[in-house]
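**Student:** Going by numbering that gives the first Met the number 0, the sequence shown opens with residue 0, and the numbers climb by one from there. Every residue, glycine too, gets a C-beta built ideally from N, C-alpha and C. Predicted model, so just to flag it, every value in this text is computed and none were measured.
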Amino acid sequence: MTIKKRTIFIAGAGSIGTAIGNSLALAGHKITMHTIEDYLVEPINEKHVNPDHFPNAKLSENLIATNDIKALQSADILFLAIPSIITVDFVLQNKEFIGDHVLLVNLAKGFGCGKMTITSCLEKMLDNPVCTMKGPTFAREIINGSPTAMTFASTDEKHFELIRDIFSDTSIFLDFTTDVEGVEYLSILKNIYAIILGIVDANFDSPNLRFLILTKAFDEMRRIMLKAGGKEASMFHYSGYGDFGLTALNDLSRNRTLGLLIGKGFFTKDISDKVVLEGKLAVSTFCEHILGDGDEKNYPLLYELQKIFLNNYDISSFVGNILKLAR
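1. Nearest CA to the CA of glycine 134: which residue from Thr147, Asn127, Asn143 and Asn202?
2. Can you look up valine 129 in the DSSP assignment and give me helix, strand or coil?
3. At the level of alpha carbons, what is the spacing between methionine 0 and lysine 226?
4. How far does the alpha helix (DSSP H) with glycine 16 in it reach, from first residue to last?
5. Ignore the nearest five residues each way along the sequence and tell me which others in lysine 4's own chain have a CB closer than 6 Å to its CB.
6. Can you give me the C-alpha to C-alpha distance between asparagine 21 and asparagine 320, rounded to a whole angstrom?
7. Compare the Cα-Cα distances from alanine 74 to each of Pro82, Glu219 and His100 and report the closest residue.
8. If you follow the beta strand (DSSP E) that phenylalanine 172 is in, where does it begin and where does it stop?
9. For the candidate residues Ile9, Ala26 and Lys46, whose alpha-carbon lies nearest to that of isoleucine 35?
10. State the start and end residues of the unbroken alpha helix (DSSP H) segment that holds asparagine 55.
11. How many angstroms separate the CA atom of cysteine 112 from the CA atom of alanine 24?
12. Rounded to the nearest angstrom, what separates aspartate 164 and isoleucine 261 at their Cα positions?
13. On a CA-only basis, which of Phe203, Met132 and Ile162 is nearest aspartate 242? Give me that one, please.
14. Measuring only the C-alpha atoms, how far is phenylalanine 78 from isoleucine 7?
15. Using DSSP with H/G/I as helix, E/B as strand and the rest coil, what is valine 90?
16. Which partner residues of methionine 149 appear in the DSSP bridge assignment?
17. Are there three or more Cβ pairs, one per stretch, closer than 8 Å when the segment 164–173 is compared with the segment 272–289?
18. Express the C-alpha separation of cysteine 130 and valine 90 in angstroms, rounding to a whole number.
19. Using 8 Å as the threshold, is the segment 197–204 in touch with the segment 220–238, meaning 3 or more CB pairs across them?
20. What did DSSP end up calling isoleucine 35 once you bin it into helix, strand or coil?
21. Answer yes or no: do asparagine 66 and isoleucine 97 have a C-beta to C-beta separation smaller than 8 Å?
22. Using DSSP with H/G/I as helix, E/B as strand and the rest coil, what is glycine 241?
23. Looking at C-beta atoms only, is the number of pairs between the segment 186–194 and the segment 101–109 that lie closer than 8 Å three or more?
24. Spatial neighbours of tyrosine 312 within its chain, please: CB distance less than 8 Å, with the 5 preceding and 5 following residues excluded, ordered by chain position.
25. I want to check one thing, is the minimum distance from the CB of proline 50 to the heavy atoms of the ligand HEM below 7 Å?
26. Closer than 7 Å by C-beta to leucine 39: which residues in its own chain qualify, once you throw out the five before and the five after it? Chain order, please.
27. Please report how far the alpha carbon of isoleucine 212 lies from the alpha carbon of phenylalanine 308, in whole angstroms.
28. Start and end of the alpha helix (DSSP H) containing cysteine 286?
29. Helix, strand or coil: which one does DSSP assign to alanine 10?
30. Let me know the secondary structure DSSP gives glycine 98 once reduced to three states.
31. Helix or strand or just coil, what does DSSP make of alanine 64?
32. Smallest Cα separation from alanine 138: which of Met224, Leu251, Ile223 and Glu122?
33. Give the secondary structure of threonine 347 by DSSP, where H, G and I count as helix, E and B as strand, and everything else as coil.
34. Please name the residue in Gly228, Ile76, Phe317 and Lys123 whose C-alpha comes closest to that of leucine 290.
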């Protein structure tokens with residue numbers, strides 16, 4: 000069967016945008032990748048290299064970089080591969096270039112506006128279909144062509160059929176759910192609990208303890224997601240247990256690495272690193288807006304991490320505290 004080639008626009012020339020774009024470009028699709036970094040356009044288009052993220056990887060000639068947002072006007076599918084804190088603003092600022100037929104696919108992991116997910120925010124602002132795609136993915140692995148799993152979530156299965164078709168000749172394997180909100184929440188929660196696993200592993204080289212905390216973390220994630228409106232089955236898609244496992248247990252994970260640094264004492268609450276700021280925002284949003292008063296005893300791992308972000312905290316007592324609360 001011949002797959003119809005779509006006009007695909009990727010917002011963001013970071014690691015995941017480049018990796019997804021290159022994967023689709025190698026499958027024969029014409030990909031336009033937008034960047035606000037003017038200096039990236041020439042090396043991507045002329046040398047087929049992204050010097051910021053994959054300086055040693057040869058990119059497909061079908062992957063074209065641009066700094067002209069008007070190129071979005073010809074798109075059929077828009078992948079959002081920019082930081083979560085600017086995703087909603089990017090779409091709003093460029094709404095005039097997004098045709099009514101365009102399918103939006105969110106790759107960013109974080110809250111959109113206040114306590115709402117990015118997809119929820121966009122659905123309130125646009126008439127376009129808004130979907131999400133998340134999974135246990137390191138961009139370097141995708142660039143190298145390693146088999147990679149992701150979950151595509153949409154309220155309409157016909158969108159999955161389209162996305163599955165365009166990825167059919169790539170190394171990316173997709174599963175599907177209609178639980179868009181559940182997938183969005185899990186993509187935020189797994190980063191929070193990966194920090195916690197990093198803190199634990201920084202202090203104890205104990206497989207028994209690691210998987211005790213891992214199991215409790217998975218259960219807290221499940222209960223929070225359900226409380227926020229997600230469906231339990233989403234825990235067992237690629238975007239659930241798979242993404243959490245990858246992020247929590249692999250040292251390539253930025254959030255696990257943050258946890259390791261916190262656990263070793265290399266952290267103050269005033270650090271302004273992007274990963275730290277996103278972690279603080281996510282933890283405070285769940286604790287203050289999604290969970291209620293009296294929930295602290297039900298989610299001891301989450302609330303103990305919040306104390307680290309807010310106060311001067313004796314990190315050596317972290318594991319003991321969560322074990323007392325988790326009995």
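**Tutor:** Here's the rundown:
1. Thr147 is the residue among Thr147, Asn127, Asn143 and Asn202 whose C-alpha sits nearest the C-alpha of glycine 134.
2. strand
3. Per-residue confidence for methionine 0 stands at a pLDDT of 45, beneath the threshold of 50, marking its modelled position as unreliable; no derived number is given.
4. 14–25
5. His28
6. In this model, asparagine 21 and asparagine 320 are separated by some 46 Å (Cα to Cα).
7. His100
8. 171–176
9. Ile9
10. Run containing asparagine 55: none; DSSP gives neither H nor E here.
11. 32 Å
12. 43 Å
13. Met132
14. Note on geometry: alpha-carbon atoms of phenylalanine 78 and isoleucine 7 lie some 8 Å from one another.
15. DSSP places valine 90 in helix when its eight states are reduced to three.
16. Looking at the DSSP assignment, methionine 149 forms a beta bridge with Leu173.
17. no
18. 14 Å
19. no
20. coil
21. no
22. helix
23. yes
24. Lys306
25. In terms of ligand content, the structure shown is empty, and the ligand HEM therefore cannot be addressed.
26. Ala12, Asn49, Asp51 and Ala64
27. Going from the Cα of isoleucine 212 to the Cα of phenylalanine 308 covers about 19 Å.
28. Segment: none, cysteine 286 is in no alpha helix (DSSP H) and carries neither H nor E.
29. Note: alanine 10 maps to strand in three-state DSSP.
30. Here glycine 98 sits in coil by DSSP.
31. strand
32. Leu251
33. Only positions 0 to 326 of the chain appear in the structure, and residue 347 is not among them; the question remains open.
34. Gly228
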